[in-house]
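A quick write-up on the structure given underneath.
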Amino acid sequence: QPSAQPACSGPRSSILPSAAEHTATAVRKFAVGTLETYLLSLCLRFVDFCLCASLNIATLSLAAFADYLQACSESHLQDRSSCKLAPKQALKALFWLSRIAEIPCLKDLLSRPLIAAFRVDGGFKDRKEALPLPLAALCALCDPSCPTQLALLLGGLLLAAHASLRLGDLQRISLDTLSLTASALRGICWATKTSSTGQPFAVTLTGITGRDIASAWVLHWLRHLQASWQATEADLWTALCPDFILLILPQLSSLKPRARQAS
Numbered sequence: 110q111p112s113a114q115p116a117c118s119g120p121r122s123s124i125l126p127s128a129a130e131h132t133a134t135a136v137r138k139f140a141v142g143t144l145e146t147y148l149l150s151l152c153l154r155f156v157d158f159c160l161c162a163s164l165n166i167a168t169l170s171l172a173a174f175a176d177y178l179q180a181c182s183e184s185h186l187q188d189r190s191s192c193k194l195a196p197k198q199a200l201k202a203l204f205w206l207s208r209i210a211e212i213p214c215l216k217d218l219l220s221r222p223l224i225a226a227f228r229v230d231g232g233f234k235d236r237k238e239a240l241p242l243p244l245a246a247l248c249a250l251c252d253p254s255c256p257t258q259l260a261l262l263l264g265g266l267l268l269a270a271h272a273s274l275r276l277g278d279l280q281r282i283s284l285d286t287l288s289l290t291a292s293a294l295r296g297i298c299w300a301t302k303t304s305s306t307g308q309p310f311a312v313t314l315t316g317i318t319g320r321d322i323a324s325a326w327v328l329h330w331l332r333h334l335q336a337s338w339q340a341t342e343a344d345l346w347t348a349l350c351p352d353f354i355l356l357i358l359p360q361l362s363s364l365k366p367r368a369r370q371a372s
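Residue numbers for the sequence shown follow this note's numbering, so the first one is 110 and each next one is one higher.
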């Protein structure tokens with residue numbers, strides 16, 4: 110007897126999902142930014158390289174793949190803004206592509222020792238280090254004649270330095286969360302770069318020497334901060350609570366620089 114025919118004998122596209130639908134299912138869990146970074150910015154350059162060199166990704170050789178990574182390394186060192194791409198970035202994107210797209214040849218190439226060598230940084234490079242806050246800033250803040258505008262700026266920078274806060278974190282601190290104890294000033298950032306649920310912080314009141322409470326920069330800064338807060342409420346005729354530390358202080362441009370005094 111002849112075998113039974115399937116109930117539906119129409120074209121494949123009318124029965125099974127298309128390739129575009131399978132692709133959408135595979136990348137559905139990724140954010141738009143991830144897809145733009147990996148697919149449009151990084152993986153597309155690899156595809157363009159293969160097209161320009163008339164290479165087939167399914168039969169790509171180890172030598173051709175190493176040539177692509179070497180080209181990425183040279184463009185990164187020569188700082189070509191139009192095609193600057195480090196080998197580690199390219200490999201990270203291709204690892205992601207091989208896992209999502211299920212490309213056996215690409216998976217095999219990425220496991221080769223020659224390709225793994227491109228993931229290791231070689232040579233020396235300049236390291237940029239942030240400059241420390243000068244002691245003159247602390248001395249200016251503790252000076253009784255320091256203007257309020259300058260004290261607010263210096264105090265905010267010192268708070269960021271002593272509490273290990275980013276400048277963006279300073280703009281997410283509500284003043285009503287500041288709590289002064291006998292040994293520390295505590296507060297809460299209502300949002301940070303790495304957390305949206307809030308992060309507590311604290312700084313000690315001992316200053317640099319810890320021998321005299323009058324040398325504690327926290328108390329001087331809080332005095333200026335409270336005076337500025339009360340003056341703002343008086344001007345606006347309303348009670349308010351700022352949720353930031355650093356203010357826009359146009360008065361700072363009118364301050365005359367002080368001559369340095371040798372200690």
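Where is the CB? At the ideal position from N, CA and C, for every residue including glycine.
Excluding five sequence neighbours on each side, which residues of the same chain lie with their C-beta closer than 6 angstroms to the C-beta of residue i?
{"i": "residue 311", "result": "293, 295"}
{"i": "residue 206", "result": "152"}
{"i": "residue 155", "result": "none"}
{"i": "residue 147", "result": "202, 205"}
Leaving aside the five residues before and after residue i along the sequence, list all residues of the same chain whose C-beta is less than 7 angstroms from its C-beta, in chain order.
{"i": "residue 313", "result": "292, 293"}
{"i": "residue 216", "result": "207"}
{"i": "residue 174", "result": "218, 224"}
{"i": "residue 255", "result": "249"}
Between which residues of its own chain and residue i is the CB-CB distance below 8 angstroms, once the five residues before and five after are set aside?
{"i": "residue 285", "result": "350"}
{"i": "residue 297", "result": "282, 283, 286, 307, 308, 309, 310"}
{"i": "residue 257", "result": "333, 336, 337"}
Based on DSSP bridge pairs, tell me the residues matched to residue i.
{"i": "residue 309", "result": "297"}
Return yes when at least one heavy atom of the ligand FMN lies under 7 angstroms from the C-beta of residue i, else no.
{"i": "residue 156", "result": "Among the components modelled here there is no ligand, and therefore nothing to report on the ligand FMN."}
Please classify residue i: does DSSP put it in a helix, a strand, or coil?
{"i": "residue 338", "result": "helix"}
{"i": "residue 255", "result": "coil"}
{"i": "residue 243", "result": "coil"}
{"i": "residue 350", "result": "coil"}
{"i": "residue 315", "result": "coil"}
{"i": "residue 194", "result": "coil"}
{"i": "residue 207", "result": "helix"}
{"i": "residue 327", "result": "helix"}
{"i": "residue 212", "result": "coil"}
{"i": "residue 140", "result": "coil"}
{"i": "residue 332", "result": "helix"}
{"i": "residue 385", "result": "Beyond the ends of the chain as shown, which are 110 and 372, falls residue 385; an answer cannot be given."}
{"i": "residue 274", "result": "coil"}
{"i": "residue 355", "result": "coil"}
Cα separation between residue i and residue j?
{"i": "residue 214", "j": "residue 280", "result": "50 angstroms"}
{"i": "residue 184", "j": "residue 315", "result": "51 angstroms"}
{"i": "residue 252", "j": "residue 246", "result": "10 angstroms"}
{"i": "residue 178", "j": "residue 305", "result": "38 angstroms"}
{"i": "residue 288", "j": "residue 269", "result": "16 angstroms"}
{"i": "residue 191", "j": "residue 210", "result": "Below a pLDDT of 50, predicted positions are generally treated as unreliable, and residue 191, at 44, falls in that range; the measurement from the model is reported next regardless. For residue 191 and residue 210, the distance between alpha carbons rounds to 27 angstroms."}
{"i": "residue 218", "j": "residue 201", "result": "13 angstroms"}
{"i": "residue 330", "j": "residue 264", "result": "5 angstroms"}
{"i": "residue 145", "j": "residue 328", "result": "49 angstroms"}
{"i": "residue 303", "j": "residue 274", "result": "11 angstroms"}
{"i": "residue 157", "j": "residue 137", "result": "24 angstroms"}
{"i": "residue 163", "j": "residue 130", "result": "28 angstroms"}
{"i": "residue 244", "j": "residue 278", "result": "23 angstroms"}
{"i": "residue 227", "j": "residue 166", "result": "19 angstroms"}
{"i": "residue 346", "j": "residue 326", "result": "30 angstroms"}
{"i": "residue 197", "j": "residue 181", "result": "9 angstroms"}
* Asked: Unbroken alpha helix (DSSP H) runs of length 4 or more, entirely within the region 278 to 304: which are they?
  -> none
* To do: Could I get the ranges of all uninterrupted alpha helix (DSSP H) runs contained in the region 148 to 190, with 4 residues as the minimum, in chain order?
  => 153 to 161, 171 to 186
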